[in-house]
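Accompanying notes for the structure given below.
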Amino acid sequence: MLKPVNNVRMNFYRMFRTSAAAPLLWPAALQAQPTITAADFFNQPGQYYRAYANASGTTVDVSTLLGVASAEPQAWNFTAGPRDVTYRFDYLAASSVPAGTNFPAAVLVEQKTEEPGGSNPAWLFFSQDGSRGRLVHGFYEPAWGAVKVLGIEFKLEPPAGLFQTPLRDFPDPIHYRDEWTSTTSYTNTLTLDIGGEDGDDGFSVGGLADFLQQTTYNATAKVDAFGVINSPGIGFGECLRINELVQYDLAVDLGSGFEHLGTAFLRNYYWVRPGRGVVVQVTSEQQQGLPPPDEFATAAIVLRMFETNHPDPGPPPAQRIQGLSITLGPEGALLTWNRLSGVTSYQVEHTGDPSRAETWQPLGAPTTGNFRIDATANKPGNPVRYYRVVGSK
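Sequential numbering from 840 applies to the sequence shown in this note's numbering.
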């Protein structure tokens, strides 16, 4: 809006050994700390992405890969890494999957398959809440066979987790230094292998025992780093790093109520980008008793997105300077405005012709304050001036 005040006018104008995290000279065209919203994640039917990963049961050396928690930007290079397995993640209406009847509150489902051929499907059921973010209602994995947790082999029936309360894994929005916690639990029939001759499913014949088993899941996440990440196929972009510690408490009912069986820990790192969601996931090996350290050296999972049809991110909405006003006096013009959260400096500019972008000129140096005096304004014979204030983070 342009508004004349005598001869003054104003306007309101927002993996792997070859890869390493390093300090970054920040390009002016990129925001140092992006904000991630629901629009950046995959929550529309028809969206998909493909990702490379290491084979199940293998590990990856990530000792020079993770970077550190820091208030300074970093660069991560994930263009190289394991390609043992290619996964495809498709996003569908929850009602389109037969197992969806077990998750009536879910609106969407993430379907994971292995290429080629779409083998070993697994489903994650969720909904997108406008105020809370992504809410996960559970998972279903038909191929879940022999699993070892806390050194004990078991299988679950059904091969699913029907969460008693939805799990909020990614809030909306997400900023640098945000923290959140989430918890849920689910119950299955636990089939323990107590010895005997191996059967076709990897479990002993005549050596099985069934118990009710309860898993309590607690996750604590914090956004502890930011910078630029480079990925195969999809290139580079600004990102946030999420550090998530997951604790699994297992309990079994041997006939007299649930008794604690043991506790396991995992640490996940997620790198999230505008318009791409989670582009890289690195998961530690499972540990008992104590959590994995922040800078663990060996990963059980390294997953890297390389293709997607998710729309490119649009430009972030500009924050409008609020409360801009001009007071005229014998000393010139006093410009004042309201401070904006996250803005560290302001540049006042002026022109005689706002229709020509090249004519805008700075009025003095940038200021951390919320005022500027133009001593040449409001003087006889001086031409009309237009002002604008541009904030910088």
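Here a beta-carbon is modelled for each residue, glycine too, at the ideal position from N, C-alpha and C.
Cβ neighbours of T1190 within its own chain (closer than 7 Å, five residues either side excluded): T1198, W1199, Q1200, Y1225. The DSSP-derived three-state label of N959 is strand. For Q1186, the uninterrupted beta strand (DSSP E) segment begins and ends at 1184-1190.
A Cβ-Cβ separation of about 6 Å places Q1125 in contact with L1105 under the 8 Å criterion.
Distance from the CA atom of A1090 to the CA atom of T1020, rounded to whole angstroms, is 21 Å.
H1014 and Y1108 have their C-alpha atoms roughly 15 Å apart. When Cβ pairs closer than 8 Å are counted between the two stretches, the segment 934-951 is seen to touch the segment 966-978, the count reaching three or more.
Taking all protein chains in view, the Cβ of P912 is crowded by 16 or more other Cβ atoms within 10 Å, so the residue is classified as buried. In this structure the segment 1166-1173 does not touch the segment 1141-1153; the number of beta carbon pairs closer than 8 Å is below three. Of the residues assessed, N916 falls on the buried side of the cut-off, its CB having 16 or more other CB atoms within 10 angstroms. Between T1054 and Y1087, the C-beta spacing is below 7 Å. If you draw a 10 Å sphere on the C-beta of S1070, you find 16 or more other C-beta atoms in it, and that means buried.
Within a 10 Å sphere around the beta-carbon of R1195 sit fewer than 16 other beta-carbons, which makes this residue exposed. Between the alpha carbons of N1209 and T876 lies a gap of roughly 29 Å. Residue state for N941 is assigned as helix, using DSSP reduced to three classes.
Shown here, D1011 sits in coil according to DSSP, grouped into three states, outside any helix or strand. Bounds of the beta strand (DSSP E) holding F1075 are 1074-1092.
Residue state for T1198 is assigned as helix, using DSSP reduced to three classes.
Look at the beta carbons and you see the segment 891-909 not touching the segment 1097-1104: under three pairs across the two are nearer than 8 Å. Around the Cβ of L1093, a 10 Å sphere holds fewer than 16 other Cβ atoms; the residue is exposed. Beta-bridge annotation (DSSP): H1099 is paired with A1090.
Taking 8 Å as the upper bound for CB-CB distance, W1110 and R1080 are in contact here, some 6 Å apart. Restricting attention to R1016, L1179, L1006, A1058, the CA atom closest to the CA of H976 is found in L1006. DSSP, reduced to helix, strand and coil, places S935 within a helical segment of the structure shown. 7 Å or more divides the Cβ of A1060 from the Cβ of E1077. Per DSSP, W1176 lies in no beta strand (DSSP E) segment and is marked neither H nor E. DSSP, read as helix, strand or coil, puts D923 in coil.
The C-alpha of P1205 lies about 38 Å from the C-alpha of V1119.
Going by beta carbons, N959 and A982 fall inside the 7 Å limit. Taking a C-beta distance under 7 Å as the contact criterion, R1143 and A890 qualify as a contact pair. Closest in C-alpha terms to N1221, from the list V1085, T1004, A1172, Q1186, comes A1172.
Residue pairing from DSSP leaves T874 without any beta-bridge partner.
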